[in-house]
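A short worksheet on the structure shown next.
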Amino acid sequence: MANVQHIGTAMQEVLKRAKAMQTHYENSKPTSEHGNQFECEDCRDTGSLIDRIYDDEYEREKDFFRPCHCQETRNLKNRFKNALIPSEFENARFDNYKRDTEVQRLLFDSTHDYLKEFQSIVNVKPEHNSLGFIAVFGESRIRNLDGEARAEVKISHNNFGLGKTHLQMAAAKWIMNRVRVRDEIALGQKSKYDRGCRVLCVSDVSFMDELTNAKRMNDEGLTLSKLLNSALTVDVLLWDDLGKAKWSESKENFYYQIINERYRNKRPIIFSSNEDTGTLSEKIGYAASSRLLGMCGERLYKVEGADYRLRKGA
Ligand SMILES: Nc1ncnc2c1ncn2[C@@H]1O[C@H](COP(=O)(O)OP(=O)(O)OP(=O)(O)O)[C@@H](O)[C@H]1O
Ligand SMILES: [Mg+2]
Ligand SMILES: [Zn+2]
Numbered sequence: 012m013a014n015v016q017h018i019g020t021a022m023q024e025v026l027k028r029a030k031a032m033q034t035h036y037e038n039s040k041p042t043s044e045h046g047n048q049f050e051c052e053d054c055r056d057t058g059s060l061i062d063r064i065y066d067d068e069y070e071r072e073k074d075f076f077r078p079c080h081c082q083e084t085r086n087l088k089n090r091f092k093n094a095l096i097p098s099e100f101e102n103a104r105f106d107n108y109k110r111d112t113e114v115q116r117l118l119f120d121s122t123h124d125y126l127k128e129f130q131s132i133v134n135v136k137p138e139h140n141s142l143g144f145i146a147v148f149g150e151s152r153i154r155n156l157d158g159e160a161r162a163e164v165k166i167s168h169n170n171f172g173l174g175k176t177h178l179q180m181a182a183a184k185w186i187m188n189r190v191r192v193r194d195e196i197a198l199g200q201k202s203k204y205d206r207g208c209r210v211l212c213v214s215d216v217s218f219m220d221e222l223t224n225a226k227r228m229n230d231e232g233l234t235l236s237k238l239l240n241s242a243l244t245v246d247v248l249l250w251d252d253l254g255k256a257k258w259s260e261s262k263e264n265f266y267y268q269i270i271n272e273r274y275r276n277k278r279p280i281i282f283s284s285n286e287d288t289g290t291l292s293e294k295i296g297y298a299a300s301s302r303l304l305g306m307c308g309e310r311l312y313k314v315e316g317a318d319y320r321l322r323k324g325a
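Going by this note's numbering, the sequence shown opens with residue 12, and the numbers climb by one from there.
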């Protein structure tokens, strides 16, 4: 009896001390920028919540950390930040894309159909996983025509300002908001949590310039490999104006390296180009274009129509 009494008192003492420590800890804990309030009251901005669970193996309770719901919002914000969506397309959405002409409906419907399949594309990794909008009559083909023929083809086969980029940026946002990716292996274990889908938007001319400059840098290829790595490994690469940059052998190597690696790992590319299948091959190289067009399968759309930028009343 005395023993029980003793244990009881000792326990009380431990609890008292634990409480004092807790208070000390709370008081000494740095507060958030908002004074005493935390951005997330649930986890107090630590990013994780603790569950008490019973461990069958050791027959005792233990703490189990799980990510707090606020991490999801934070991760989403980060995904948007890292996606590098150009500011002029911040407002590009599906609900503000007009569907008055045939080509607008084709672009809209094909993007919509692709997104309907997209979660399954991410899960199953099929061979045909990409989406491309290209021209019927490529920019460099038009440029090679002379005088009158050129002016005529330019009008009858216009591929500019159709809203290709508008829709693909809207698709990028949709994907980041909704699509989940489950990494198969994380630190040698089966991953417990899936995560949001990561997107990277690059614009051909500036991206090729960046790569070219990085290659010239005297930093043992560090900048170059960082740049390349993000394009190779991101879940979805959105490539705007593909084949717009002036051709060079070193650019052709970059195109091949990126496209081939994504092709081998079945990672989607969403792209738009003002070139046609023939001229695109000349700009990015046949090896790269054959893989890329193969990745699209049926989802390669040759589009032309009226330039939205030049519409009446604009
Ligand atoms: N159907 C549409 N409804 C609303 N806005 C549109 C539509 N089509 C294009 N726009 C707007 O017109 C501008 C040009 O569109 P966008 O840049 O997407 O065209 P594009 O086909 O990518 O052209 P380019 O080949 O020149 O890059 C953008 O500001 C876009 O938001
Ligand atoms: Mg565009
Ligand atoms: Zn939280």
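Here a beta-carbon is modelled for each residue, glycine too, at the ideal position from N, C-alpha and C.
Residue burial classification, residue i (beta-carbon count within 10 angstroms, cutoff 16)
i: residue 275; result: exposed
i: residue 135; result: exposed
i: residue 33; result: In this predicted model, residue 33 has a pLDDT of only 44, less than 50, meaning its place in the structure is not dependable; the value taken from the coordinates is given anyway. Answer is exposed; the Cβ neighbour count stays below 16.
i: residue 228; result: exposed
i: residue 174; result: buried
i: residue 69; result: exposed
i: residue 1; result: No answer is possible for residue 1: the residues shown for the chain start at 12 and end at 325.
i: residue 13; result: Note on residue 13: pLDDT 40, under 50, position unreliable in the model; no value is reported.
i: residue 84; result: exposed
i: residue 114; result: buried
i: residue 111; result: exposed
i: residue 233; result: exposed
i: residue 215; result: buried
i: residue 302; result: buried
i: residue 160; result: exposed
i: residue 261; result: exposed
i: residue 162; result: exposed
i: residue 320; result: exposed
i: residue 98; result: exposed
i: residue 278; result: buried
i: residue 322; result: exposed
i: residue 310; result: buried
Same chain only: Cβ atoms within 8 Å of residue i, ignoring 5 sequence neighbours per side
i: residue 187; result: 87, 90, 91, 94, 207, 208, 209, 210
i: residue 72; result: 63, 64, 65, 66
i: residue 147; result: 168, 170, 287, 313, 314, 315
i: residue 298; result: 267, 271
i: residue 219; result: 256, 262, 265
i: residue 239; result: 222, 265, 268, 269
i: residue 231; result: none
i: residue 138; result: 277, 305, 306, 308
Contact check, residue i vs residue j, beta carbons under 7 Å
i: residue 263; j: residue 149; result: no
i: residue 126; j: residue 185; result: yes
i: residue 118; j: residue 178; result: yes
i: residue 59; j: residue 280; result: no
i: residue 180; j: residue 96; result: yes
i: residue 176; j: residue 56; result: no
i: residue 272; j: residue 243; result: yes
i: residue 312; j: residue 144; result: yes
i: residue 192; j: residue 246; result: yes
Own chain partners of residue i with C-beta closer than 6 Å, once the 5 adjacent residues on each side are dropped
i: residue 189; result: none
i: residue 132; result: 140
i: residue 284; result: 145, 253, 254, 291
i: residue 100; result: 180
i: residue 103; result: 177, 180, 181
i: residue 151; result: 290
i: residue 307; result: 141, 143
i: residue 235; result: 225, 226
Cutoff 7 Å; reference residue i; Cβ partners in own chain excluding five residues on either side
i: residue 62; result: 75, 77
i: residue 241; result: 211
i: residue 82; result: 58
i: residue 156; result: 164
i: residue 105; result: 181
i: residue 129; result: 186, 190
i: residue 4; result: A question about residue 4 goes unanswered here, because the residues of the chain that appear run from 12 up to 325.
Proximity test, residue i beta-carbon vs ligand 5 heavy atom, cut-off 6 Å
i: residue 103; result: In the structure on display, ligand 5 does not appear, and the ligands it does have are ligand 1, ligand 2 and ligand 3.
CB contact check: residue i to chain D, cutoff 7 Å
i: residue 277; result: Protein chain content of the structure displayed is limited to a single chain, and chain D is not contained in it.
Tell me, please, whether the region 157-170 touches the region 64-80 by the rule of three or more beta-carbon pairs shorter than 8 Å. No: the two stretches stay apart, fewer than three of their Cβ pairs being nearer than 8 Å.
With three or more beta-carbon pairs closer than 8 Å as the criterion, would you say the region 168-179 touches the region 309-319? Output reads yes: the region 309-319 touches the region 168-179.
With three or more C-beta pairs closer than 8 Å as the rule, is the region 293-302 touching the region 255-273? Cβ pair count under 8 Å is three or more, so yes.
Please write down, chain order preserved, every residue whose beta carbon lies under 6 Å from a heavy atom of ligand 3. Output, sorted by chain position: 51, 53, 54, 79, 81.
Got a list of residues with beta-carbon closer than 7 Å to any non-hydrogen atom of ligand 2, in chain order? Look at which beta carbons fall closer than 7 Å to any heavy atom of ligand 2; those residues are 175, 176, 251, 252, 283.
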